[in-house]
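Residue numbering for the sequence shown follows my numbering, starting at 570 and increasing by one per position.
Everything on this sheet refers to the single structure shown next.
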Amino acid sequence: MSFTLNDRPARVTATRGAAAPRRRTRVFALPEARWAAAALVLFLIALPLQLTGAPEWTWGPLYALAYVTGGWEPAWAGLQALREKTLDVDLLMIVAAIGAASIGQVMDGALLIVIFATSGALEALATARTADSVRGLLDLAPTTATRLLDDGGEETVATEHLMVGDTLLIRPGERVGADGRVLDGASEVDQATITGEPLPVPKESGDEVFAGTLNGTGSLRVKVERDASDSVIARIVAMVADASETKAPTQLFIEKVEQRYSVGIVLATLAVFGVPLAFGASLTDALLRAMTFMIVASPCAVVLATMPPLLSAIANAGRHGVLVKSAVVMERLGQIDAVALDKTGTLTEGTPRVTDIRPLTGAGPAGPAGPAGLTELTELTEDGLLSLAAAAEHPSEHPLARAVVAAARERGLVLPDVRDFSSAPGVGVTAVVDGRTVAVGAPARLLTDAADPAVAMVVGELEDGGRTAVLVQCDGVPVGVLGIADRLRPDAAATVAALTTLTGTAPTLLTGDNPRAAARLAAEAGITDVRAGLLPQDKVTAVREREAAGRKVLVVGDGVNDAPALAAAHTGLAMGRAGSDLALETADAVIVRDELATVPAVVALSRAARRLVVQNLVIAGVFISGLVIWDLVGHLPLPLGVLGHEGSTVIVGLNGLRLLRDAAWRRAATPAGDDR
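Structure (structure tokens):
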């Protein structure tokens, strides 16, 4: 009674410009369904022959074939499990059917086989349909694309052969062949299948596009930025497939108990058979009661209670851009009761911009002529200060450094040559620019206790305004301050409110930024607990403090400095679009499209899955206990016992698959989606 999606989906053809077909496994494409159908047909032919008094030789072989066609697969699987010293519940069903036949209840045994085989076919179909919901994503991606050559020509190539850096031509009505960025052209792209946006999104130079999205009426030239195996669609499919091969703690516990329970059933069945027989019951009655007991007490529904809801939730979250790496993670997400958010790139858009350029009047020694505004540092202009800072920051990969360099390029400044560059994490950078030693970094790290009050006043003014202040020093003397700000994500405040409702406590902001800038941004988002000026180890300490207080903390971050906290938390969630490789590897789940609103949605979906697991366990327990009591106290007919047992198994399986529907995600994504 397993429920996994082990087969990696293969790429299939999608017609260009057409809507992606909805993939659905046909019933008779499954061998389980074909064998079950054969057993059912044989049974339906044999039953009227027996009931009308036909000779036994006419219906006996038909029943025997029904036993073979419907029972050989579970019998073989049960024998293989037995060789590994594992008692499979499927084997108990076959033994019960053979036991019924041995006492002359051939029709009852055949009915058991048919119902059991049909139940197995329904489970196999449910599993296949779960896989279909994920594999269908690959139907969106075209198998070929038009690649532009250096000489201006075109060629049609298979999308799996595209390489990063290739330029594609996307004609009107075609599907985008790879994740990339628009180089030229303008159009509207329908990306509802990837982002869920109901309306086509305008795309022009510099905008990102995803493989499988449908181009509108314009023509686009797109530069490939990800391999086909690393596209958003491929990552969703691969990670959901990986997740389906894991087992949640609840499932592992059930499987551990299942073995002991199955052995107990065998012993109890022997007792149900032997005790009445010892007190004078007939052999037929005792054996029939024992076989019925073995069937109704088998834990098939209990075994199937856990994985369908969790795997359905994983598949649904994957379709909406949240890659949950395992069933363990999906179960743990629903347990969190505290959230810690990183600021830059998580709560904010992660693209800081230079908002203020403040040269310090009269600061710095005079020196030789340099680029724009650098003829005399005593008369440093805005362009001169920005050019000096951008030159020193140019070799750095820090987001603030990229913002400074981008601001200089927007002004068309020519950057001087740099040598002897060095970087100190959390402090800043140092470089030699035109013979001067230039330092750019955090004022708190660069300024001494005897800092110029004028400098401190400018820094304080910028930080009070919600900017991050960056100090520029030349030969150890402050020459200017830059103000840099990052915009809050549009859905940040709503996400914070939703997480507060879900967990009962407001999220905590963990950031390395200065306290005043962090506090101002946190106030906009509705966060009151702010931990600012933190180094990576400080974030870990903050998380462990919450964990030590009995909290199960979800950490959401994106950078290398967030990776230790992601690893230390009960559950780590990484922003995938701009997240560092280390953060993506360390996190338990990844938000592919950087939509912060999906954080409370996936937590609520996990809680819905856990509620369904509990529901399934209750349903299974009620059916098993009710049927067992009926069999022991009264007289439970074997066919009715089979119907009750297999019916509960099917109900439990289908109940778990409810989370595959888009409606389940929509409910989770609304503020009232989780009622705890």
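For each residue, glycine too, the CB sits at the ideal point set by N, CA and C.
This structure is a prediction, so every number in the text was calculated from the model and none was measured.
Under the DSSP assignment, Gly-1190 falls in the alpha helix (DSSP H) whose first and last residues are 1167 to 1202. Here the C-alpha atom of Asp-1107 lies approximately 56 Å from the C-alpha atom of Ala-598. Here DSSP, grouped into helix, strand and coil, assigns Arg-740 to coil.
Taking 8 Å as the cut-off, the Cβ atoms of Ser-992 and Val-998 count as close. In chain order, Asp-1055, Arg-1056, Leu-1057 and Arg-1058 place their CB closer than 8 Å to the CB of Glu-918, counting only its own chain and leaving out the 5 sequence neighbours on each side. Excluding the 5 residues flanking it on each side, Arg-1113 has same chain C-beta neighbours closer than 7 Å at Ala-1137, in chain order. Leu-1068 sits away from Arg-1100, with the two beta carbons spaced by 8 Å or more. Contact between the stretch 642 to 649 and the stretch 834 to 844 is not established, with fewer than three Cβ pairs separated by less than 8 Å.
For Val-872, the enclosing alpha helix (DSSP H) stretches over residues 869 to 872. Nearest neighbour of Asp-911 by Cα position, chosen from Ala-972, Leu-694, Ala-1152 and Arg-1162, turns out to be Ala-1152. Ranked by Cα distance from Leu-731, the options Glu-743, Leu-718 and Asp-1231 are led by Leu-718. Nearest Cα to Ala-1134 within the set Leu-752, Thr-1097 and Ala-909: Ala-909. Excluding residues up to 5 positions away in sequence, Ala-812, Thr-1140, Asp-1157 and Ala-1158 lie with their Cβ nearer than 8 Å to the Cβ of Val-898 in the same chain.
Leaving aside the five residues that flank Leu-1205 on each side, the residues in its chain whose CB is nearer than 6 Å to its CB run, in chain order, Thr-861 and Trp-1199.
Residue burial annotation: Val-1125 is buried, with at least 16 other C-beta atoms found within 10 angstroms of its C-beta. Using a 10 angstroms sphere on the CB of Met-676, the tally of other CB atoms reaches 16 or more, which defines it as buried. For Met-732, there is no enclosing beta strand (DSSP E), as DSSP gives it neither H nor E. DSSP, read as helix, strand or coil, puts Val-973 in helix. When C-beta atoms of the stretch 877 to 891 are compared with those of the stretch 850 to 868, fewer than three pairs fall below 8 Å, so the two segments do not count as touching. A straight line joining the alpha-carbon of Phe-842 with that of Ala-670 spans about 16 Å. For Glu-757, the enclosing beta strand (DSSP E) covers residues 756 to 759. Nearest neighbour of Ala-602 by Cα position, chosen from Ile-684, Val-733, Leu-949 and Ile-739, turns out to be Ile-684. Under the three-state reduction of DSSP output, Val-745 falls in the coil class, being neither helix nor strand.
With fewer than 16 other beta carbons inside 10 angstroms of its own, Leu-1223 counts as exposed. A Cβ-Cβ distance of about 12 Å is found for the pair Leu-879 and Val-1171, leaving them out of contact under the 8 Å criterion.
The bridge partners DSSP lists for Thr-715 are Thr-725 and Leu-738. By DSSP's assignment, Val-1124 forms a beta bridge with Ala-909 and Gly-1141. Residue pairing of Ser-991 in beta bridges, as defined by DSSP: Thr-999. With respect to Leu-969, Pro-928 sits apart: the two C-beta atoms are not nearer than 8 Å.
Looking at the DSSP output, Asn-784 sits in a beta bridge with Val-758. Note on geometry: alpha-carbon atoms of Ile-663 and Gly-640 lie some 7 Å from one another.
Judged by DSSP secondary structure, Ala-1101 falls outside any beta strand (DSSP E); it is assigned neither H nor E. In the structure shown, the three-state DSSP call for Pro-630 is helix. In this structure, DSSP gives Thr-1155 a helical state, which the three-state scheme calls helix. For Arg-790, the closest of Asp-1163, Asp-776 and Asp-796 by C-alpha to C-alpha distance is Asp-776. Going by beta carbons, Ala-650 and Val-871 fall outside the 8 Å limit.
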